[in-house]
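Chemist: Let me begin by handing over the structure; questions about it come next.
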Amino acid sequence: MNNITLPEIAENLLLAKRVLLLSHTNPDGDTVGSTTALARALRLCGKDTLCLCDRPIPARNLFICCEGTYSTECEVLESDLVVSVDVAAPQMLGLLRDTFEQRTDIRIDHHASADNFAAYNFVDASAAACAEIIYDLICLLPCEMCEEIASPLYTALNTDTGGFRFSNTTARTHRIAAALMEGGAAAADICETLYENVTLESLQSNALFLEKYQLHLDGKVLFLPITMADKERYGFSDENVEGYATLSRKIVGVELGMVLREKDGGGYKVSMRSRKTVDSAALCALFGGGGHARAAGATIEADSFEEACKKLLDGVLANIVFED
Ligand code: 5GP
Ligand code: MN
Numbered sequence: 006m007n008n009i010t011l012p013e014i015a016e017n018l019l020l021a022k023r024v025l026l027l028s029h030t031n032p033d034g035d036t037v038g039s040t041t042a043l044a045r046a047l048r049l050c051g052k053d054t055l056c057l058c059d060r061p062i063p064a065r066n067l068f069i070c071c072e073g074t075y076s077t078e079c080e081v082l083e084s085d086l087v088v089s090v091d092v093a094a095p096q097m098l099g100l101l102r103d104t105f106e107q108r109t110d111i112r113i114d115h116h117a118s119a120d121n122f123a124a125y126n127f128v129d130a131s132a133a134a135c136a137e138i139i140y141d142l143i144c145l146l147p148c149e150m151c152e153e154i155a156s157p158l159y160t161a162l163n164t165d166t167g168g169f170r171f172s173n174t175t176a177r178t179h180r181i182a183a184a185l186m187e188g189g190a191a192a193a194d195i196c197e198t199l200y201e202n203v204t205l206e207s208l209q210s211n212a213l214f215l216e217k218y219q220l221h222l223d224g225k226v227l228f229l230p231i232t233m234a235d236k237e238r239y240g241f242s243d244e245n246v247e248g249y250a251t252l253s254r255k256i257v258g259v260e261l262g263m264v265l266r267e268k269d270g271g272g273y274k275v276s277m278r279s280r281k282t283v284d285s286a287a288l289c290a291l292f293g294g295g296g297h298a299r300a301a302g303a304t305i306e307a308d309s310f311e312e313a314c315k316k317l318l319d320g321v322l323a324n325i326v327f328e329d
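Those letters in the sequence shown? Residues 6 to 329, by the working numbering.
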């Protein structure tokens, strides 16, 4: 799967003048933290570097970025090297897909997806987060670890492992987290920002969850359909409902939690989270999506929300396998 090594990536980065780092649409802590850290490291190496995402970074992840690192305008930087980070498939480029699917030189990822759309792909599916790979890469660059690199990487590692609780967390994850703390990561402040700052809106959103959830297969599958009207009723954006899939999986007896939402810009997006008995990535692959075994996503092609719900439920209930 890999046709480039980390030392070769480092070499290419150091040969480039201007580097563009691409994040995935609907950006999470890993893609934002990993690109921000790499951008800062490259700037310390004298490179003109910019990160790009198809839409503005959501408010909850803004604290990870440093000023001037991110842009949403495609042509702002005439770059000679385009590197995607945490982008599992071309559709995950979102609005950037048309411009960059054929122009991505190097893809750095930890999704075992077979879609190696870049010219050179480095994929380590054993990495809990892209942050682990980016940490190793930055260690190969001629720059010192510092708070401005360590904090976003620590945030990326922390969020993709659910605060070091998900089964992707390894001894290596903890070793890198420790090295990042030694390198200046503001771990306690980051954890407080991530986990000790519940908004009243998100607390209120639990009412929507309780009102709309459905149980299937003796309660092993929890399905939550969320329409634009639901979000409008509560004054929510996509951000307010994103945590629901993770919340679903926490419920005793639930093996698979899935949230289907009508997106703010249109389209139907499913997020799945599962315990170790269910392969979420395999189920999302039924709909052209993918991800990890315990956390995956897909966009459901349908003409209406009702049709998307039916397609999703029919597909999942007919194909789900529970392993011991
Ligand atoms: P989320 O549900 O949080 O959007 O995504 C969960 C995981 O699945 C993430 O690792 C994300 O990159 C991946 N994922 C989400 N949507 C898609 C998709 O449409 N295609 C693929 N290949 N992966 C996806
Ligand atoms: Mn990731």
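Every residue gets a Cβ at the ideal spot worked out from N, C-alpha and C, and that includes glycine.
1) With DSSP run on the structure shown, which of helix, strand or coil describes MET233?
2) Is ILE113 near ILE143, with beta carbons less than 8 Å apart?
3) Quick one: is the Cβ of ASP341 within less than 7 Å of any heavy atom of ligand 1?
4) Under the assumption that GLU152 contacts ALA191 (Cβ atoms under 8 Å), give the Cβ distance between them as a whole number of angstroms.
5) Sort out for me which residues DSSP pairs ILE181 with in a bridge.
6) Using the beta carbon as the reference atom, which residues fall closer than 7 Å to any heavy atom of ligand 2, ordered along the chain?
7) Short check: CB of SER242 to CB of ASP284, under 8 Å?
8) If you draw a straight line from the C-alpha of GLY302 to the C-alpha of SER276, how long is it?
9) Can you give, in chain order, each stretch of the beta strand (DSSP E) that sits fully within the region 210-268 and has at least 3 residues?
10) Going along the chain, which residues of its own chain have a beta-carbon closer than 6 Å to the beta-carbon of ALA46, five neighbours each way excluded?
11) Need the endpoints of the beta strand (DSSP E) that ILE305 sits in, please.
12) Going by beta-carbon coordinates alone, are THR41 and CYS71 separated by less than 8 Å?
13) For the region 178-192 against the region 55-63, do three or more pairs of beta-carbon atoms, one drawn from each stretch, fall closer than 8 Å, so that the two count as touching?
14) Going along the chain, which residues of its own chain have a beta-carbon closer than 8 Å to the beta-carbon of THR178, five neighbours each way excluded?
Modeler: In terms of the structure at hand:
1) Locating residue 233 in the sequence shown gives position 228, where the first residue counts as 1. In the structure shown, MET233 sits in a helix (DSSP, three-state: H, G or I).
2) Locating residue 113 in the sequence shown gives position 108, counting from the first residue. Locating residue 143 in the sequence shown gives position 138, counting from the first residue. In this structure, ILE143 does not lie closer than 8 Å to ILE113 by Cβ.
3) With the chain running from 6 to 329 in the structure shown, residue 341 is simply not present.
4) Numbered from its first residue, the sequence shown carries residue 152 at position 147. Numbered from its first residue, the sequence shown carries residue 191 at position 186. At roughly 7 Å, the Cβ-Cβ gap stays under 8 Å, so GLU152 and ALA191 are in contact.
5) By one-based count along the sequence shown, residue 181 stands at place 176. According to DSSP, which records beta bridges pairwise, ILE181 is partnered with nothing at all.
6) ASP33, ASP35, THR36, ASP91, HIS115, ALA134, CYS135 and ASP165
7) Position 237 of the sequence shown, counted from the start, is the residue given in the question as residue 242. Position 279 of the sequence shown, counted from the start, is the residue given in the question as residue 284. Going by C-beta atoms, SER242 is not nearer than 8 Å to ASP284.
8) Taking the sequence shown and counting its residues from 1, one reaches residue 302 at position 297. Taking the sequence shown and counting its residues from 1, one reaches residue 276 at position 271. Going from the Cα of GLY302 to the Cα of SER276 covers about 5 Å.
9) 219-221, 226-231 and 261-267
10) Working through the sequence shown from its first residue, we reach residue 46 at position 41. Cβ neighbours of ALA46 beyond the five flanking positions: ILE143, LEU146, CYS148 and ILE154.
11) Stepping through the sequence shown from its first residue, residue 305 is reached at position 300. Looking at the DSSP string, the run of the beta strand (DSSP E) that includes ILE305 is 300-305.
12) Reading the sequence shown from its first residue, position 36 is the one you call residue 41. Reading the sequence shown from its first residue, position 66 is the one you call residue 71. The answer is yes: Cβ separation under 8 Å.
13) no
14) Numbered from its first residue, the sequence shown carries residue 178 at position 173. Closer than 8 Å at the Cβ level, and outside the excluded window around THR178, lie ALA133, ALA134, GLU137, LEU162, THR166 and PHE169.
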